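Student: Chains as they are written, first to last, in the numbering used here: chain F, 20 to 123; chain W, 20 to 123; chain H, 1161 to 1449; chain D, 1161 to 1449.
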Amino acid sequence: MVRVNLEFSGGLELLFDNRKEFKDVEVPPQKEGQEEGIVTMKHLINWVKDNLLAERPELFVMNGSIRPGILCLINDSDWEIAGTLDYEVEDQDNISFISTLHGG
Amino acid sequence: MVRVNLEFSGGLELLFDNRKEFKDVEVPPQKEGQEEGIVTMKHLINWVKDNLLAERPELFVMNGSIRPGILCLINDSDWEIAGTLDYEVEDQDNISFISTLHGG
Amino acid sequence: KIPYEAALEPSQLKRYSRQMLIHNFGPSAQSKLLDSTILIIGAGGLGCPAALYLAGAGVKKIILVDHDVVDTSNLHRQIGHVEARQGLPKVMSLAEAIQGVNHQVQVEPVLAKFTAENGVELASRCDVVIDATDNPATRYMVNDACVLAGKPLVSGAALGMNGQLSVYNYNSGPCYRCLYPQPPPQGSVTSCADGGVLGPIPGVIGVLQALETIKIVTQVGKTLSGRLLIWDGEDSRFRVVNVAEPRSECCACSRGEHQTIFSLQDSEEFCACKGLVSMETHQTQSKPL
Amino acid sequence: KIPYEAALEPSQLKRYSRQMLIHNFGPSAQSKLLDSTILIIGAGGLGCPAALYLAGAGVKKIILVDHDVVDTSNLHRQIGHVEARQGLPKVMSLAEAIQGVNHQVQVEPVLAKFTAENGVELASRCDVVIDATDNPATRYMVNDACVLAGKPLVSGAALGMNGQLSVYNYNSGPCYRCLYPQPPPQGSVTSCADGGVLGPIPGVIGVLQALETIKIVTQVGKTLSGRLLIWDGEDSRFRVVNVAEPRSECCACSRGEHQTIFSLQDSEEFCACKGLVSMETHQTQSKPL
Ligand SMILES: [Zn+2]
Ligand SMILES: [Zn+2]
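See the structure below:
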């Protein structure tokens, strides 16, 4: 079990009942395979889809990851730096999902 | 001895040889009176004046505190919230001094 | 009950359609804007962008206060003025720019300083006050006028490559004096004429002043009341910090035994006694800091 | 060696005096600005404030690219346009506004889309490219033109009450494709015509684009290269986050076996194959998100 702070913004909050912040959320560890007991970003994204997402999952997940056009930040840095899907989430991590904007 | 991160901005850096950041600065504890061994903000301001300030001390300190027109932040909050001069500085505190602007 | 849309004319519906589409904004917020009067003190680097974006957003009326004329050295940052209007009063020049963007907005140009004589009356006639001035004496007086008239104050400042912004006297938050009870001593204040300023610095802060004003009028979003934006444009660093609660011994807003400002004459005396003068930008003699 | 001041005419000295006073800026930075050409793609909500502040700052030349005309629904945020110029091409309208602010700035209005045919040639003729467009297809093409021509890209975006800004292809930092290798799928992109936008949002981002451009041209300060500004105007929250290093398998900028973009025709094919279309704002059919 890890406790994390989740955030959805840039318009993405509309998929989450217009809620931008989920503080101190308990995410249960994954149960399958070699990674039992830990929470990877892959697992967390799936858990968010099943438990927090209010509508249109195709606008949040795609091919087992987040949909292209969504930025993911782990503790205010691009999740690429941390290792994307394989990153093991730690207690009190701040994880943000932000829609990339194209308007002007 | 405490180690703190100091910052001067909003134009105040001009008094510090145009240097905005002093990372991991060692400030020795005060030696007098009942507060021996600790570092209060009052002591830190005095120490900064004597050890880091490059010019025109009258633009940094006044009547034993910082000059009116300088904001002090302790860990990104107004130092009023922490207790101003009496606050006891802790290791790795981020302390910022920022000149208040009036131009437009 | 007539829906809000019905209250908007077809030309308004089209003009404001893009902002009415925003989630949480909509026609009710637009109607509040169309009914609001904004006082902008200073028609310079901050006041120009603030006024133009509020005109675009469709406020009912903008009152502009400034005593200065358009100078060549203003043009790099005061984008409501153009070369052809050099020498004209800034309030007339900016009024013309506002009307060009949106003729439905009423403009009242006041060619005067903001003083103890006109301050409270001007603040009383508006919904939000924007401090876009350039010196501490006027900033204290604008604050006191807002406290006396009970109006929210959106206060911006810019110098060099740094900007600051907050909202005062709003939503049980502090006033400007709560944050700055003591004025800066003489000789410690740098003006844009002394220290210089890069155009986009007041540009960003002025546009943000328009945004905070829109948020106050429409009650959409969370304003900077109780918080202060500190922006270093040189490093592209933005910080929003929490400031202290209203000061219980504030001489302006505490409404208790510590209150000493009961009129703008008291405010004027405070400034005189502290050596603060309402300086002309081009006449300042202070040292650069 | 002639001092830089001598290279400036008296009228320029006065006009730019306020920015030349800034510590670390000075006449040498001003001379670089006076010698710079900036390409602005999009003369709308972002392009208007970016162009006006660059004109004020005194760049040598601004090339404006846009194929659209001024519409009533633009006026709330596109402050380079006025009611009297509705129906005119945006590049002509904004050119007129630029000349009003500073007739010494040369303006080249290009009434066209930014395409595979004209893109690299336009980028090659400037020092910095500003992406002020409104759709992902053009954003990929603008990025690729910058990589092919070796020019820094200042890229801004705005929607609803949110803004984003970064600098790409500069100072060994990543390009736009390094950050966004996969384009958003069809139906997931929201335009300002769908989702709405509050005027000050592109206002702030556009002014910040002018500032980042000035910093690149003058080499003063630290740009947003390798960092991304994420701004929530509803809550007044600003975050500057670190983004990853240039992607070694980037199809545009990696210059290795993974490079597949060798011309803007390749870029066009990429967009076509990914279903990205260079949409007109008023023709989009995508769902609101
Ligand atoms: Zn107060
Ligand atoms: Zn790349």
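Ideal Cβ placement from N, Cα and C applies to all residues, glycine included. Everything numeric in this text was worked out from a predicted model, so none of it was measured.
Indicate whether at least one CB of chain F lies closer than 8 Å to the CB of residue 1401 of chain D.
Tutor: Cβ-Cβ to chain F under 8 Å: yes for residue 1401 of chain D.
Student: Mark residue 1428 of chain H as exposed unless 16 or more other C-beta atoms lie within 10 angstroms of its C-beta, in which case mark it buried.
Tutor: Flag for residue 1428 of chain H reads buried.
Student: With a threshold of 16 other CB atoms inside 10 Å of the CB of residue 56 of chain F, please say whether the residue is buried or exposed.
Tutor: It counts as exposed.
Student: Does DSSP classify residue 1199 of chain D as helix, strand or coil?
Tutor: Correct three-state label for residue 1199 of chain D: strand.
Student: DSSP three-state label for residue 20 of chain F, please.
Tutor: It is coil, neither helix nor strand.
Student: Bridge partners of residue 113 of chain F, per DSSP?
Tutor: Answer is F/24, bridged to residue 113 of chain F.
Student: Which same chain residues end up closer than 7 Å to residue 1310 of chain H when comparing Cβ atoms and leaving out the 5 residues on each side of it in sequence?
Tutor: Nothing meets the Cβ criterion.
Student: Based on Cα-Cα distance, which residue from H/1327, H/1336, H/1379 lies nearest to residue 1365 of chain H?
Tutor: For the residues H/1327, H/1336, H/1379, the minimum Cα distance to residue 1365 of chain H belongs to H/1327.
Student: Write down every uninterrupted run of the alpha helix (DSSP H) in the stretch 33–109 of chain F whose length is 4 residues or greater and which is fully enclosed by it, in chain order.
Tutor: With a minimum length of 4 residues, the continuous alpha helix (DSSP H) runs that stay inside the stretch 33–109 of chain F are 60–70, 98–101.
Student: By Cβ distance, which residues of its chain are closer than 8 Å to residue 119 of chain F, with the 5 residues on each side in sequence left out?
Tutor: Answer for residue 119 of chain F: 29, 88, 89, 90, listed in chain order.
Student: In this structure, what does DSSP give as the bridge partners for residue 1217 of chain D?
Tutor: Answer is none; residue 1217 of chain D lacks a bridge partner.
Student: Going by the beta-carbon positions, is the gap between residue 1331 of chain D and residue 1313 of chain D smaller than 8 Å?
Tutor: For residue 1331 of chain D and residue 1313 of chain D, no; Cβs fall outside 8 Å.
Student: Mind checking if residue 1294 of chain D is an interface residue toward chain F, Cβ cutoff 8 Å exclusive?
Tutor: Answer yes: the Cβ-Cβ gap between residue 1294 of chain D and chain F drops below 8 Å somewhere.
Student: The beta strand (DSSP E) that contains residue 1367 of chain H, what's its start and end?
Tutor: Note, residue 1367 of chain H: premise wrong, no beta strand (DSSP E); alpha helix (DSSP H) at 1360–1378.
Student: With 16 other CB atoms within 10 Å as the buried threshold, where does residue 1408 of chain H fall?
Tutor: Looking at its Cβ environment, which holds fewer than 16 other Cβ atoms inside 10 Å, residue 1408 of chain H is exposed.
Student: Count the other CB atoms within 10 Å of the CB of residue 1162 of chain H; is the residue buried (16 or more) or exposed (fewer)?
Tutor: Residue placement at residue 1162 of chain H is poorly supported in this model, since its pLDDT is 44, which falls under 50; the coordinates still yield a value, given next. Label assigned to residue 1162 of chain H: exposed.
Student: With contact counted as at least three CB pairs below 8 Å, one residue from each stretch, are the stretch 1366–1385 of chain H and the stretch 102–121 of chain W in contact?
Tutor: Touching, no.
Student: Beta-carbon separation of residue 1462 of chain D and residue 1261 of chain H under 8 Å?
Tutor: In this structure chain D extends from 1161 to 1449, so residue 1462 of chain D is not present and cannot be described.
Student: Does the distance from the CB of residue 1289 of chain H to the CB of residue 1219 of chain H come in under 8 Å?
Tutor: Taking 8 Å as the Cβ cut-off, residue 1289 of chain H and residue 1219 of chain H do not qualify as a contacting pair.
Student: Using a Cβ-Cβ distance under 8 Å, would residue 1198 of chain H count as near chain D?
Tutor: Closer than 8 Å: no.
Student: Rounding to the nearest angstrom, what Cα-Cα distance links residue 1433 of chain D and residue 1354 of chain H in this structure?
Tutor: Looking at the two C-alpha atoms, the distance is approximately 56 Å.
Student: Please determine, among H/1243, H/1263, H/1267, H/1239, the residue with the shortest C-alpha to C-alpha distance to residue 1252 of chain H.
Tutor: Looking at the Cα atoms, H/1267 is the closest of the given residues.
Student: Less than 8 Å between the CB atoms is what I'm expecting for residue 1177 of chain H and residue 1233 of chain D, so what's the real figure, rounded?
Tutor: 5 Å between Cβ atoms; contact.
Student: Assuming the contact rule is C-beta atoms closer than 8 Å, residue 63 of chain W and residue 80 of chain W should be a hit. Round their C-beta distance to whole Å, please.
Tutor: Not really, about 11 Å apart at Cβ, beyond 8 Å.
Student: When you compare only the Cα positions, how much space is there between residue 19 of chain F and residue 1274 of chain D?
Tutor: With chain F represented from 20 up to 123, any question about residue 19 of chain F goes unanswered, as that position is not in the structure.
Student: Please say whether residue 1386 of chain D and residue 1333 of chain D have beta carbons closer to each other than 8 Å?
Tutor: Result yes, Cβ atoms of residue 1333 of chain D and residue 1386 of chain D sit closer than 8 Å.
Student: Which first and last residues belong to the alpha helix (DSSP H) in which residue 1302 of chain D is found?
Tutor: Here the alpha helix (DSSP H) through residue 1302 of chain D covers 1296–1309.
Student: Have a look at D/1278, D/1277, D/1254, D/1191 and flag the residue whose alpha-carbon is nearest the alpha-carbon of residue 1269 of chain D.
Tutor: If we check each option's Cα against that of residue 1269 of chain D, D/1254 comes out closest.
Student: For residue 1446 of chain H, name the three-state secondary structure that DSSP assigns.
Tutor: For residue 1446 of chain H, the predicted model reports a pLDDT of 38, less than 50, meaning its position is unreliable and no value from the coordinates is stated.
Student: Which of the three DSSP states is assigned to residue 1402 of chain D in this structure?
Tutor: Correct three-state label for residue 1402 of chain D: strand.
Student: Evaluate the contact criterion for the stretch 1295–1308 of chain H versus the stretch 1354–1363 of chain H: three or more CB pairs, one atom per stretch, below 8 Å.
Tutor: Touching, no, given that fewer than three Cβ pairs across the two stretches are closer than 8 Å.
Student: Residue 1252 of chain H CB to nearest chain D CB: under 8 Å?
Tutor: False, the Cβ-Cβ gap to chain D never drops below 8 Å.
Student: For the alpha helix (DSSP H) that contains residue 1260 of chain D, what are its first and last residues?
Tutor: Residues 1250–1261.
Student: Please report the residue range of the beta strand (DSSP E) in which residue 1268 of chain H lies.
Tutor: Residue 1268 of chain H -> beta strand (DSSP E) spans 1266–1270.
Student: Using only CA atoms, which one of W/83, W/71, W/59 lies nearest to residue 48 of chain W?
Tutor: For the residues W/83, W/71, W/59, the minimum Cα distance to residue 48 of chain W belongs to W/59.
Student: Any heavy atom of ligand 2 inside 7 Å of the beta-carbon of residue 1412 of chain D?
Tutor: Yes, Cβ of residue 1412 of chain D sits closer than 7 Å to a heavy atom of ligand 2.
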